[in-house]
Amino acid sequence: MIMKKFSFKEKKDTRSGFGEGLLYAGRKNPNVLALCADLTGSLKMNAFAKEFPERFFQAGIAEANMIGVAAGMTIGDKIPFAGTFANFASGRVYDQIRQSVAYSEKNVKICASHSGLTLGEDGATHQMLEDIGMMKMLPNMTVINTCDFNQTKAATIAIADYKGPVYLRFGRPKVPVFTPENQNFEIGKSITLNEGVDVSIFATGHLVWKALEACMILEEKGISAEIIDIHTIKPLDENAVINSVRKTKCVVTAEEHQKNGGLGDSIAQLLSLNFPVPIEMVAVNDTFGESGTPDELLVKYGLDTPDIIEAALKSIARKNF
-17 MIMKKFSFKE KKDTRSGFGE GLLYAGRKNP NVLALCADLT GSLKMNAFAK EFPERFFQAG
43 IAEANMIGVA AGMTIGDKIP FAGTFANFAS GRVYDQIRQS VAYSEKNVKI CASHSGLTLG
103 EDGATHQMLE DIGMMKMLPN MTVINTCDFN QTKAATIAIA DYKGPVYLRF GRPKVPVFTP
163 ENQNFEIGKS ITLNEGVDVS IFATGHLVWK ALEACMILEE KGISAEIIDI HTIKPLDENA
223 VINSVRKTKC VVTAEEHQKN GGLGDSIAQL LSLNFPVPIE MVAVNDTFGE SGTPDELLVK
283 YGLDTPDIIE AALKSIARKN F
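Mapping of the sequence shown onto the numbering used here: residues -17 to 303, in sequence order.
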């Protein structure tokens, strides 16, 4: 799939996309259940809870128990969506996810909202920046990180039909809605947003739109950037990555996550084994976040549009050295 028009008419939060997708999935399949750890409103699960009260379970502030209950529910062919903030959905319950979900290959959908620096004012304790690494290292786990409202809704619907453990990561702030409405979301298949020949920019989550902004500015400088949305971190669309890099011969990765263990690590590993090229990573560099507005934090921690542009220019220079 190739998208060439970079524009948006509105901003919406990706957590609302999850809420709409969950309601749709619940209407489509009576086996879809929802569990929440006392954050129903924050995760926009209210509509599902209201329409299907017999299929909604409020676990309270007991996330580890919620994951265990969700794992047990799958034994009767139920499809539980367990939702809470990303730091609680991964760090607090890692043992339960590893043993009861991933190792046991249970069909649990772990739905992690309020991820990354753009959680904003809640600060470092809640700004989960390590979860992609934690989840992608688990055997049997699929890891998805969506970029806008429409894609999050589509991904939520898609994972209800997918058999196996899934970690779905999304966020709190309102961000540009730029992907198609009612799209067909393919797990494990990247989306080429712009074709280019000078540099490959692989972005995920909220930084996909930032990559598109960078692309437009780079074009004004005479630089042709290929922009690829990697919404599925695991399984990684290896063919798309390698095919793009064989053409451009240099790379930038962009993500709202620690540099260690994130998308950049996955792509660097793939390319080191198959087609080594210069790579620059736009990510949080081994530090915790802090309280601030999402925009302020993206600037301070080097995850803004100018940072992607700088990384692209540096990667191109290294290629041409």
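Glycine is no exception: its CB is placed at the ideal position from the N, C-alpha and C atoms.
Fair warning: this is a prediction, and the values are worked out from it, not measured in the lab.
Whether residue i touches residue j by CB criterion (8 Å)
i    : j    : result
V233 : I249 : yes
S206 : I261 : no
F67  : L194 : no
E237 : L99  : no
S95  : F0   : yes
T128 : T287 : no
I126 : R151 : yes
F301 : K241 : Rather than Phe, the amino acid found at residue 301 in this sequence is Lys. No, they are not a contact pair.
A137 : H188 : no
G271 : L280 : no
Cut-off 6 Å between Cβ atoms - residues of its own chain near residue i, not counting five sequence neighbours on either side
i    : result
F34  : G8
M48  : L17, A19, A41, A64
Q133 : T161
A293 : V234, E262, V264
N185 : First, the residue type needs correcting, since residue 185 is Ala and not Asn in the sequence shown. A193, A236.
A44  : none
K91  : F63, I141, V148
C197 : N176, A207, I209
W191 : P158
G178 : S206, A207, E208
Alpha helix (DSSP H) segment containing residue i, residue limits
i    : result
M263 : Here M263 belongs to no alpha helix (DSSP H); instead the beta strand (DSSP E) covers 261 to 266.
L6   : At residue 6 the sequence reads Tyr, which differs from the Leu that was named. Taken as a continuous stretch (DSSP letters only), the alpha helix (DSSP H) holding Y6 covers -4 to 10.
I114 : 113 to 118
Q251 : 245 to 256
C197 : 189 to 202
E45  : 45 to 55
A137 : 131 to 143
Close beta carbons around residue i, own chain, < 7 Å, minus the five adjacent residues each side
i    : result
N13  : D59, K60, I61
F257 : I224, V227, R228
K88  : A53, T56, S82, P147
G170 : T214, P217, D219
Expected contact under 8 Å - CB spacing of residue i and residue j to nearest Å
i    : j      : result
P158 : F(-10) : 4 Å
G50  : S82    : 6 Å
Enclosing beta strand (DSSP E) for residue i [first to last residue]
i    : result
S95  : 91 to 95
V125 : 124 to 127
Hey, is the stretch 117 to 125 in contact with the stretch 68 to 87, meaning 3+ C-beta pairs nearer than 8 Å?
-> The way I'd put it, the stretch 117 to 125 does touch the stretch 68 to 87; three or more beta-carbon pairs between them come closer than 8 Å.
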